[in-house]
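Numbering (UniProt numbering), first residue to last: 1 to 265.
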């Protein structure tokens, strides 16, 4: 499931393939961008912001690269992915799933099933609602704590998923963080050690930012990487109580949560 660590790793791969390179061919396979052509322009940067990914492209006049500069903004949602291939290599996913193709002389980046794909001439304004990015080098831990503590009545499971409070956590990390803190996702923020929870969130995402397989247990075997997420009915790795699955549907969160009723209170 794409979360902040997945997007960070994706940005790293795209940066290696595209940054500083001239686009020799572009194709946008969504109706509102179908006539867009960025070929001939240089990719200035590739960066992630929480679960969002930005590819910054210079303007058409290299003497004034800021004039007409745009950012390709994408969000993977549930099914999306970016792949990088050598030019001419067959894609690993079917062509009808491709939403954008960006080609340089030696590499081709393809965005498949992207939940969001748009061009923006002011990406900072478009993403200004996001809280501190857990994987940013200038990560603002105190601001994230402040934003969460301003919502004392929210369940901590809801606060962790609120990208306006801190950016990068998805459903997998939400369940895992609450387990590792011994906290039920339904517990109110006012009853949670918010600074410790935020610190753990940063450590988990940072540790996984370059891994090919996410792990919160420290184990890399496919069956041993997670404590609770996706393990409904299986025994807790700590106390042997069966893992349960539920929802925070009453507060507008329809995504499932996993927890251990023995370890989490």
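The C-beta atom is built at its ideal place from N, Cα and C for all residues, glycine as well.
With respect to the 8 Å criterion, residue 127 and residue 76 are not classified as neighbours on the basis of their beta carbons. If you check the CB distance, residue 9 and residue 201 do not come in under 8 Å. Per DSSP, the unbroken alpha helix (DSSP H) holding residue 17 starts and ends at 4 to 18. Rounded to the nearest angstrom, the gap between the Cα atoms of residue 18 and residue 177 is 34 Å. Using a 10 angstroms sphere on the CB of residue 185, the tally of other CB atoms reaches 16 or more, which defines it as buried.
DSSP places residue 205 in the uninterrupted alpha helix (DSSP H) bounded by 194 to 208.
The three-state reading of DSSP puts residue 169 in coil, since its state is none of H, G, I, E or B. Assignment of residue 246 by DSSP, reduced to helix, strand and coil, places it in the strand class.
Fully enclosed alpha helix (DSSP H) runs of no fewer than 4 residues occupy 141 to 149, 156 to 161 and 171 to 180 of the region 139 to 186, in order along the chain. Residue 238 sits away from residue 171, with the two beta carbons spaced by 8 Å or more. Assignment of beta-bridge partners to residue 188 by DSSP yields 155. Rounded to the nearest angstrom, the gap between the Cα atoms of residue 84 and residue 35 is 23 Å. The beta carbon of residue 66 lies closer than 8 Å to those of 58 and 59 in the same chain, with the five residues before and after it left out.
Taking C-beta atoms as the reference points, residue 46 and residue 20 fail to come closer than 8 Å.
The beta carbon of residue 97 is closer than 8 Å to those of 112 and 113 in its chain, skipping five residues each way along the sequence. In the three-state reduction of the DSSP assignment, residue 33 falls in the helix class, which pools H, G and I. With a minimum length of 4 residues, there is no unbroken run of alpha helix (DSSP H) contained wholly in the region 34 to 93.
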